[in-house]
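Below is one structure, written out as structure tokens; comments come after it.
There are 2 protein chains.
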Amino acid sequence: MQAIRYELIKTCKQTGARLGRVHTPHGSFDTPAFMPVGTQATVKGMSPDELKEIDAQIILSNTYHLYMRPGNELIKEAGGLHRFMNWDRPILTDSGGFQVFSLSDLRNITEEGVTFKSHIDGSRHLFTPELAMKIQNDLGSDIIMCFDECIPYPCEHDYAKRSVERTTRWAERCKKAHMNPEKQALFGIVQGGVYEDLRVLSAKEIVALDFPGYAIGGLSVGEPAQDMYRMLECTVPHLPEDKPRYLMGVGSPDYLIEGAIRGIDMFDCVLPTRIGRNGTVMTSRGRIIIRDAKYARDFGPMDPECDCYACRNFSRAYIRHLFKAGEILGLRLATWHNLKFLLDLMKKVRKAIIDDRLADFRDEFFSVYGYNVK
Amino acid sequence: MQAIRYELIKTCKQTGARLGRVHTPHGSFDTPAFMPVGTQATVKGMSPDELKEIDAQIILSNTYHLYMRPGNELIKEAGGLHRFMNWDRPILTDSGGFQVFSLSDLRNITEEGVTFKSHIDGSRHLFTPELAMKIQNDLGSDIIMCFDECIPYPCEHDYAKRSVERTTRWAERCKKAHMNPEKQALFGIVQGGVYEDLRVLSAKEIVALDFPGYAIGGLSVGEPAQDMYRMLECTVPHLPEDKPRYLMGVGSPDYLIEGAIRGIDMFDCVLPTRIGRNGTVMTSRGRIIIRDAKYARDFGPMDPECDCYACRNFSRAYIRHLFKAGEILGLRLATWHNLKFLLDLMKKVRKAIIDDRLADFRDEFFSVYGYNVK
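Those protein sequence lines, which keep their order, are chains A and B.
1537 is the number that my numbering gives to position 67 of the first sequence; each next residue is one higher, with no gaps.
1725 is the number that my numbering gives to position 255 of the second sequence; each next residue is one higher, with no gaps.
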């Protein structure tokens, strides 16, 4: 018995985008799905009730951060991550790979794993495929990720190839070390930088290991958007139709829509929460910087087309005041709205798939939002 | 037609504490009442909906801060403070006096008013009784306060006496300058430091001006608790029975209960929100510091006797983690709980008045909470 099941409901005749549903031990979520990021067992600024209010069906949390603080054993003792953070819907955890490579100091990669110094207290740690599985098994998340090597961008073909091969060997070790496959679905991760041949190689090798879902990693790390789309176009055809496909770390409206068009089912990104905390607001007419003086006496909502709690109840002038005064409610409202904006966008994407017009929807959306605005 | 009406419902036979209700243009509130403080047009960390969820019936906001940022004229343009901050229940604003004396630099007091430099941008301002009225009229709060002089503690009798006399003259000017008495009730403020004769003198002079409510100011500024209680005991008998009495800047459980016992109807304080943001939690068994290591694996609620959102849904271990990780949800939950704790305490005080046993309730409460714990 597998932990999750992917149900393909419909394919968009105009684009090939997939409408689906993923069933997990903590309920189902509709795809294409955007997953808000709760790095440290909380989506920054939001309560679980508020996440439900905006219809978040699944969230992501970060293995590296939870391992460091408060520790996976404490969370296991608390009854698992769902109970610890009071979130009873699906959770996906990453493997810690990305953070080990991007946040830690003095990392050293060997076949065994990665040695690094903690970003919190400088303590030394060795992350291995087996440890990534142990931690995620302790957390009890519904979807867990293989420990992979995240190469920098740009990266030589030669190194990228050796890294792909290592990521495959690590994926094998993850599969072997995963102790709870009936309750937690382990996804394989396709790497390969911006090299088509390596993406295809990686996809074939990872798919051969037969995972209940597949992620595409190592994109949105600085490469041009066209390179990302090219990588999706060469990779997705090698992924099975009956498993969900997850594009990691992607959350701007253009990447979400273009990703869905290329057959991606799941996305995550800190973008809406991070820019929200800084007062940048995604609206149906593009981004606005709420601190700007021009909003000082703007008594309309952040986004006139949005029906979120923030837009229903507070003006741009008030939210600007909150940001200028350093008040917590300001970043709460901007975060709330941004997340709702992306979750609503995914609903519109799903609707456009049902109506076989996702390419038309993309063009309409960006004619107002502005295509180059992330 | 007066803006507000005080309804005295019952007096506690054991203590003389008053159960009442104040009717305002934005609805009624039960007394004795604790008013959460929304300094900058927001109760730090809380949304208006959350304040309603914990049954806050009236909040306070600070004239000095709103005058500085975003400005009273902008708030007037927004339709008043209620609409600006989306709070449709009663609001009391202070006069700015306390902040002018405590926050600003280089203040200079003359009969005209107080000249000072802004704590934000160093700009020079002259606060007068007339300006305090103009600002509060623009804000549109239901209860507004006279501009008074807040003397330091300790303070010589001679200076305190001259200050009391000036505060009376300023109160007369406030009454004259107040443009909206049918919609906004102007409270007089009794000063006089810790001198009984001056408190009595001030009470008589201020009451002679006939305000719809009276505040006792200049207490809880460093004097021993017994001095505060003595001042209440000598002042309250000089205040009329048919008007509400407000003890300014007071919010620890002992002051609230002892104040109610001495005939006070209204209180406000930043204490619950300020200490909440620092991770100090008021519980039925006294204060706890949620960051303490001993709570790392404590999977029970902050206060087992509390039914607030935080206590119903999250453990001490989780909230400690949020504070250690610097997550916003941590201070939100601690703030939420602390406010609910004080609002619930006032409900219990009102119940004890109904049952003619407020002194017994005080003894029972502090036998568990610890009397000297603020």
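In this text, a Cβ means the ideal position worked out from N, Cα and C, and glycines have one as well.
Listed by chain order, chain B residues near residue i by CB distance under 7 Å
i	result
A/N1556	N1783, F1784
A/I1798	K1514, G1515, I1798
A/K1674	Simply none; closest approach about 40 Å.
A/H1595	Residues of chain B passing the Cβ test: none, with the nearest at roughly 18 Å.
Beta-carbon contacts of residue i that lie in its chain and below 6 Å, excluding the five residues immediately before and after
i	result
B/V1843	With a pLDDT of 44 at B/V1843, under the threshold of 50, the modelled position of that residue is not reliable, and no figure is offered here.
A/A1822	L1828, F1831
A/N1808	P1742, G1746, M1752
B/G1427	The structure shown does not extend to residue 1427 of chain B, since chain B is modelled only from 1471 through 1844, so no value can be given for it.
A/C1482	I1823, D1826, L1828
B/I1524	L1809, K1810, L1813
Under 8 Å from the C-beta of residue i: neighbouring residues of chain B
i	result
A/H1589	Residues of chain B passing the Cβ test: none, with the nearest at roughly 12 Å.
A/K1794	R1539, P1540
A/L1787	The sequence as given places Ala at residue 1787 of chain A; Leu does not occur at that position. By Cβ distance, chain B contributes P1540, L1544, A1548, F1554.
A/H1496	In chain order: nothing, as chain B lies at least about 16 Å away.
From the options, residue whose alpha carbon lies closest to that of residue i
i	options	result
B/R1802	A/E1619, A/K1514, A/S1672	A/K1514
B/I1727	B/L1815, B/D1825, B/S1517, B/Y1534	B/L1815
A/I1529	A/R1669, A/G1692, A/A1641, A/M1718	A/M1718
B/P1723	B/V1740, B/P1518, B/E1797	B/V1740
A/S1593	A/R1539, A/I1613, A/K1645	A/R1539
A/I1613	A/R1577, A/R1475, A/V1838, A/T1481	A/R1475
A/G1729	A/D1738, A/K1546, A/Y1699, A/P1560	A/Y1699
A/R1669	A/W1640, A/E1635, A/K1645	A/E1635
A/R1851	A/D1667, A/S1837, A/F1568	In this structure chain A extends from 1471 to 1844, so residue 1851 of chain A is not present and cannot be described.
B/Y1692	B/D1575, B/A1647, B/K1483, B/G1663	The sequence shown places Gly at residue 1692 of chain B, not Tyr. Comparing Cα positions, the closest option is B/G1663.
B/A1503	B/I1731, B/M1701, B/P1774	B/I1731
B/S1672	B/V1720, B/P1694, B/E1619	B/E1619
A/G1658	A/N1650, A/M1649, A/Y1684	A/Y1684
B/Q1696	B/K1653, B/H1708, B/Y1725	B/Y1725
A/A1526	A/S1574, A/Q1661, A/R1559	A/R1559
B/K1645	B/K1653, B/V1660, B/Q1661, B/E1600	B/E1600
B/F1835	B/I1561, B/R1744, B/K1653, B/S1754	B/S1754
B/H1589	B/Q1569, B/H1648, B/D1777, B/W1806	B/Q1569
Same chain, Cβ closer than 7 Å to residue i, neighbours up to 5 away in sequence not counted
i	result
B/H1627	Y1665
B/A1511	S1531, L1536, L1551, F1554, M1555
B/L1521	P1506, V1513, I1529
B/E1711	L1478
A/T1750	R1757, I1759
B/L1576	F1586, K1587
A/I1847	What the structure shows of chain A is the stretch from 1471 to 1844, and residue 1847 of chain A is not part of that stretch, so it cannot be assessed.
B/G1733	G1486, A1487, R1488, V1706, R1715
Chain-order list of residues whose beta-carbon lies under 8 Å from that of residue i (same chain, five-residue window excluded)
i	result
B/G1566	N1532, T1533, Y1534, Y1537, F1597, A1602, I1605, F1617
B/S1785	D1768, F1769, G1770, P1771
B/T1509	S1531, N1532, H1535, V1740
Within chain B, partners of residue i - CB distance below 9 Å
i	result
A/H1493	The premise fails here: A/H1493 is roughly 26 Å from chain B at the closest Cβ pair, so nothing lies under 9 Å.
A/H1708	Here the premise fails: no neighbours, minimum Cβ distance about 39 Å.
Closer than 7 Å: residue i CB and nearest the ligand MN heavy atom
i	result
A/D1825	Looking at this structure, you won't find the ligand MN or any other ligand, since it has none at all.
| message | For the region 1789-1808 of chain B against the region 1760-1772 of chain B, do three or more pairs of beta-carbon atoms, one drawn from each stretch, fall closer than 8 Å, so that the two count as touching? | response | yes
| Members of the region 1511-1533 of chain B that neighbour chain A once the beta carbon cut-off is set at 9 Å | A1511, T1512, V1513, K1514, G1515, M1516, S1517, P1518, D1519
| said: With three or more beta-carbon pairs closer than 8 Å as the criterion, would you say the region 1678-1694 of chain B touches the region 1617-1628 of chain B? | reply: Counting C-beta pairs with one atom in each stretch, the region 1678-1694 of chain B and the region 1617-1628 of chain B have three or more that are closer than 8 Å, which means they touch.
| query | In chain order, what residues of the region 1542-1554 of chain A put their CB closer than 7 Å to some CB of chain B? | reply | L1544, E1547, A1548, F1554
| What residues in the region 1803-1822 of chain B bring their beta carbon closer than 7 Å to a beta carbon of chain A? | none
| field | chain A contacts from the region 1754-1774 of chain B (Cβ-Cβ distance under 9 Å) | value | A1766, R1767, F1769
| task | Decide yes or no for the touch test of the region 1667-1684 of chain B against the region 1594-1612 of chain B: beta carbon pairs closer than 8 Å, at least 3 of them. | result | no
| query | For the region 1622-1651 of chain B, which residues have a beta carbon sitting closer than 8 Å to at least one beta carbon of chain A? | reply | Within the region 1622-1651 of chain B, no residue places its CB atom closer than 8 Å to a CB of chain A.
| request: Count the C-beta pairs between the region 1764-1776 of chain B and the region 1486-1495 of chain A that are closer than 8 Å, then say yes if the count reaches three, no if not. | output: no
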